[in-house]
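Top line first, the protein sequences correspond to chains B and P. In terms of the numbering used here, the first sequence is residues 23 to 234. In terms of the numbering used here, the second sequence is residues 5 to 512. Think of the CB as a built atom: it goes at the ideal place given N, C-alpha and C, for glycine as much as any other residue. Note that the structure is predicted; figures quoted are calculated from it, not measured.
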Amino acid sequence: MAVGVPGEDRPYLAGRIATGDGGPPEDWEAPRERWLSTVTRPAFGPRSVLLEVVARILIPAILTLAVFLLVAGHGRPGGGFAGGLVASMAYVLRYIAGGRHELAAGVPMRPNGLLALGMLIACTTATLPLLFGKPILYATKWEFTLPVFGHVKLLSALFFEAGVFLIVVGLVLSVVAALGARMEAEEEEMRQEQLQRHSRERRTGADGGGGR
Amino acid sequence: MNVLLAIPFVVPLLGAAVTLLLRRTPRSQQIVGTLTLAVVVADAALLLRETADGTVVVSQAGGWPAPLGITLVADPMAALLVLVSSVVLLIVLLYAIGQDIGGLSRATPQIFHPIYLVLTAGVCLSFIAGDLFNLFVGFEVMLTASYALITQAPTRARVRASMIYTTISLTSSILFLTGIALVYALTGTVNMADIAEKLGAAPPELRMVLALMFFVVFGIKAAIVPMHFWLPDSYPVALTRISAIFAALLTKVAVYAIVRTQTLLFVRDDISAVLLWAAIATMLVGIFGALVQDDVNRVVSFALVSHIGYMILGLGIGTVAGIAGVIVYLVHHIVVQATLFLVNGLMRQYVGHTSLRAIRGLTTVSPALALFFFLPALSLAGMPPFSGFIAKVALFEAGIAAGGWLVHTGVAVGVLTSLLTLIAVFRIWTRAFWGTPLPDMVEAKEQLRRGANLGGLRFMTAMTGVMVGVGLFVMAAGGPLAEVGFTAARDLVDGDAYIEAVMGEGAG
C-alpha cells in the first residue's frame, strides 16, 4: 500500500485526458493495488477504486447466491432463470468496474458458446424422458444421504435448470458484448488517437520554443 | 404421441445449439440445418396422418395433468399447418444455402442458421401450444428470432424497418400479455380448453371485450387493416430468404391464433360483425395499395395484406364450411407467398433491384423465372385450376350459403379483390416480363454468367421451382386437403373433441 511517486511507470491508459479539465491530479488514477485481474483501465470514465473493491468483495458472494437460487429453485423461489440473472449481474458488475478485458478474463468461454452449451443441456434433459416413454420435461427424483449434506433430494429437473442458467448468463453476456464492449472498443481507439495527437502537440510546442 | 408432439420444437432448438457451436464451419451448419428441418417435416407428416381423421393428439409435459401443466395439442388444423410451414421452411433454407454457396448474399451465415432454427421452433410451438401462455411463449420465440433476422446484412433502410417492426411487435406482445392476465383473472386458468369451459359463464360484455382484445393483438401481427401499416414498410426491405419466411409464416401464425382463440374460447356471435368489416377493409385497402406500388416486393407485400382479409372473412362467416375455407386458404397462401418472394429474390439476383420502372423483358432473360412467377401469380389471383381458385371458391360458397347482407357484401368484395389482384399481377407481368430487355439487364446477366456463381444461382432457381411444385401439389391434393379442412373445421366449431382430449374423459 505504498504511496506511489507521481510520474511513476503506469500501465493504465490515458490518465491525462480524463483529468485534463480541472479534475483531480493525474497521478490520482495511478494504480496502487490490483483489485481486479486485468490492469487495463476501462475506456469510459475515470477509474473508481471504490467500485473495484466492492466488485472484488461482492462477486464471489453473488455467484454463491446464484448457485443457491439454482439449487433451491424446486419448491422455493429461485430456479435457473433467476439464478442465471443473478450470476450474470456479477459479470455485469465486473464489466462496469473493469471494462471489457476484465469481462473477458472472468468468463470461461464466449457468450455464444455458453448459449449453445446451455441450450444443448436443456434440450437434452428435456427430451431424455421421451426415450423412457414419459412425456417431455418429465422429472425423476433421487434421494440419498451424503456425509456432510445429510439427506439429499436430487431432482433431474435441476439439470434442465442448469441449462436455463447457462442460457441466461450467455444471453446477458452477449448483450453486454454487443452493446457495451464494442462501443468501448471504439471509444478506446478514439482515446488512443486523441492521446497521440496531444503528445504530438506537446512535442511540437516544446520544439517551437513555447510559442503557445 | 409424446415424441411426435415434442419433436417440432425441441429438435430445431437442439439444431440451433449445434449450429451455434459449429459457427466456424459453414458447411456442417448447412447440413445440420437441413437435417433438422427434414426431421421436422417427417414428424409433421406422421402427426398429420395421426390426426387427419379428426383425432386430437395431446401430450401433458412433465406428466402434470391439465390444466396445471404445459399442454401440447395437435388437431388436424395444427398438424396440417406444422407440415406446410416446415416444408416451406426447409425449401427456403435450401434456397438460402444455394445463395450462400454461390456467394450471392451478404447475410452472415454463422448467425443466420441458429436464429432461423429458433424461428422454426417458435412457429411450431405456436401451432401446437395448448395453453395461452405457451402460445405467448411460442410467439415470443418466433418474434425475437425475427427481430434478429430482419436486420441481417444491416443497411440504413433495414435498421429503420426493423425499428418499426420491433416496436409494433412489442406493442402487440404487451397487449397479448395483458389479455392473458385478464383471462386468468376472470377464469383462474390459462389452459385453452379449460378457459373454453369456464368463459361461457362469464358476462357476455366482458367476453366480448376479451375477444376484441385478442383480435387486436393477433390482428396487429396478421396485418389486418387498420393495423397493417407496418408490414409493407418492413417486409420488403429484408433479405429475400427472410422476407419470404416472414410473409409466408408469421402473419399466418397470427391468423391461426385468431382462428383458434375466436372459435375455441369465444362465442362466435360476439364479434363476427367486427371480423367481417375488418375483412372487407383489409381486402380493399391491401389490393388498392398493391395497384399503385412500383416495386415488385411492395406489390406482393400489399397483396399479402389484402389476402389476409379472405381468411378473416371465412372466420367471420363462422360456419363449418367457412372455417374449412380458411384452413385451405391458409395452406394455399403460405406456399404462394413464399414462392412469390423467392421469385422476387431471383429477380433481384438477375437485375439487382425489383423496381418496375427499370425492368423489361425478364421472359427473355430467364424463361424459368417467368414461369415461376406466372403460376403462383395466377394462383394468387384465384384463376382456375390453381389452389387459390379452390380456396376462394370454398370461401365464397360458404359465404353464400351462410347468408346475411354483411356476409354477402364480404363475398362480393372478395370477388372484386380477386379481379383487382389479377390486374396487379398482370401489371407486374406486362411491365417486367414482356418487351425487350434493357441493355443494362442483358449486361448484368452476362456478368452473372461470367462469374463463378452459376451453381448457386441454379440451385436457387431449382428450389424456387420446387416451391412452385409444392404449390401445384397443393392444387392437385385439393380434394384430400378440403376433406382435412372440413374435419378440422367441424372440430373447431364444435370444440368438444378438443376440450375432451385435453381435459380428459371426465370433462364435457
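Nearest by alpha-carbon distance to residue i: which of the options is it?
i: Ile132/P; options: Ala283/P, Val429/P, Gly508/P, Pro12/P; result: Pro12/P
i: Ile168/P; options: Leu496/P, Lys225/P, Tyr314/P, Ala83/P; result: Lys225/P
i: Leu399/P; options: Gly455/P, Val332/P, Phe219/P, Ala49/P; result: Val332/P
i: Phe430/P; options: Leu360/P, Val415/P, Val474/P; result: Leu360/P
i: Ser70/B; options: Val114/B, Ser110/B, Ile118/B; result: Ile118/B
i: Pro264/P; options: Val91/P, Met315/P, Ala152/P; result: One point to set straight first is that residue 264/P is Arg, not Pro, in the sequence displayed. That would be Met315/P, whose Cα lies nearest to the Cα of Arg264/P.
i: Pro30/P; options: Ile115/P, Gly66/P, Val478/P; result: Ile115/P
i: Ile35/P; options: Gln64/P, Pro118/P, Ala372/P, Asp79/P; result: Pro118/P
i: Gly482/P; options: Val241/P, Gly329/P, Ala406/P, Ala161/P; result: Gly329/P
i: Gly37/P; options: Tyr188/P, Gly19/P, Ser276/P; result: Gly19/P
i: Leu51/P; options: Leu39/P, Gln33/P, Ala82/P; result: Ala82/P
i: Val474/P; options: Asn6/P, Leu8/P, Ile338/P, Tyr260/P; result: Ile338/P
i: Ser238/P; options: Gly290/P, Thr170/P, Gly349/P; result: Thr170/P
i: Glu488/P; options: Gly293/P, Thr55/P, Phe250/P; result: A small fix is needed here, since residue 488/P is Val in this sequence, not Glu. When only C-alpha atoms are compared, the closest one is Thr55/P.
Among residues of its own chain, excluding the 5 on either side of residue i, which ones have a beta-carbon nearer than 8 angstroms to its beta-carbon?
i: Leu458/P; result: Gly106, Leu452
i: Gly365/P; result: Phe437, Trp438, Gly439, Thr440, Pro441, Leu442, Met445
i: Gly134/P; result: Val62, Ala70, Ile74, Thr75, Leu76, Val77, Asn195, Met196, Ala197, Val506
i: Ala149/P; result: Ile119, Tyr120, Val122, Leu123, Gly126
Please compile the residues from chain P whose C-beta is within a distance smaller than 7 angstroms of the C-beta of residue i.
i: Met141/B; result: Leu17, Ala20, Ala21
i: Pro157/B; result: Asn6, Ser63, Gln64, Ala65, Gly66, Gly67
i: Thr15/B; result: Because chain B here runs from 23 to 234, residue 15/B falls outside it and cannot be looked at.
i: Leu137/B; result: Leu24
i: Leu152/B; result: Asn6, Val7, Ala10
i: Tyr160/B; result: Gly66, Gly67
I'd like the list of long-range same chain contacts for residue i, defined as Cβ closer than 6 angstroms, with 5 residues on each side in sequence excluded.
i: Ala248/P; result: Val96, Ala342, Phe345, Leu346
i: Thr124/P; result: Pro16, Leu93
i: Met23/B; result: With a pLDDT of 38 at Met23/B, under the threshold of 50, the modelled position of this residue cannot be trusted, and the question is left open.
i: Val324/P; result: Ala493, Arg494, Val497
i: Pro236/P; result: Arg302, Ser305, Phe306
i: Leu379/P; result: Val472
i: Gly512/P; result: Confidence at Gly512/P is low in this model, with a pLDDT of 39, below 50, so its placement is unreliable and the value that follows should be read with caution. Nothing meets the Cβ criterion.
i: Ala161/B; result: Leu177, Ser178, Ala179
i: Thr286/P; result: Ile228, Val229, Ile312, Gly313
i: Trp164/B; result: Leu176
i: Thr491/P; result: Gly58, Pro80
i: Ser89/P; result: Val127, Leu253
i: Gly29/B; result: Its pLDDT being 43, under 50, Gly29/B is placed unreliably in this model, and the value from its coordinates should be taken loosely. Cβ neighbours of Gly29/B beyond the five flanking positions: none.
i: Gly326/P; result: Gly318, Ala402
Kindly say whether residue i, judged by its beta-carbon, lies nearer than 9 angstroms to any beta-carbon of chain B.
i: Ala404/P; result: Per the sequence presented here, residue 404/P reads as Ile, with Ala not at that position. Output row for Ile404/P: interface = no.
i: Ala511/P; result: For Ala511/P, the predicted model reports a pLDDT of 42, less than 50, meaning its position is unreliable; a value from the coordinates is still stated below. False, the Cβ-Cβ gap to chain B never drops below 9 angstroms.
i: Ile74/P; result: yes
i: Arg27/P; result: yes
i: Pro240/P; result: no
i: Pro118/P; result: yes
Which same chain residues, not among the five before or five after residue i, have their C-beta less than 7 angstroms away from its C-beta?
i: Trp517/P; result: Chain P is shown only over 5 to 512; residue 517/P falls outside these bounds and no answer can be derived.
i: Gln297/P; result: Val303, Phe306
i: Val369/P; result: Tyr354, Pro441, Met445, Lys449
i: Gly392/P; result: His336, Val340, Ser383, Leu384, Ala385, Gly386
i: Leu139/B; result: Leu188
i: Glu149/B; result: What sits at residue 149/B in the sequence shown is Thr, not Glu. If we look at Thr149/B and ignore the five residues flanking it on each side, its Cβ neighbours are Ile158.
Using a C-beta cutoff of 9 angstroms, does residue i count as contacting chain P?
i: Thr20/B; result: Beyond the ends of chain B as shown, which are 23 and 234, falls residue 20/B; an answer cannot be given.
i: Thr86/B; result: no
i: Thr146/B; result: yes
i: Ala24/B; result: Any reading at Ala24/B needs caution, since the residue's pLDDT is 39, under 50, leaving its predicted position unreliable; the model's value is listed next. Not one chain P Cβ lies under 9 angstroms of Ala24/B.
Any beta-carbon of chain C closer than 9 angstroms to the one on residue i?
i: Thr75/P; result: In the structure shown, chain C does not exist; the protein chains are B and P.
Runs of beta strand (DSSP E) wholly within the region 65 to 92 of chain P (minimum 3 residues, chain order): 75 to 78
Where are the alpha helix (DSSP H) runs, 4 residues long or more, that stay fully inside the region 248 to 323 of chain P, in chain order? 255 to 264, 276 to 295, 300 to 321
Length at least 4, wholly inside the region 57 to 113 of chain B: the alpha helix (DSSP H) runs in chain order: 71 to 94
Could you name each continuous alpha helix (DSSP H) segment of 4 residues or more that falls completely within the region 125 to 168 of chain P, going from the start of the chain to the end? Runs of the alpha helix (DSSP H) lying entirely within the region 125 to 168 of chain P, each at least 4 residues long, are 136 to 154 in chain order.
Going along the chain, which unbroken runs of the beta strand (DSSP E) with 3 or more residues stay wholly within the region 156 to 182 of chain B? 163 to 168, 172 to 177
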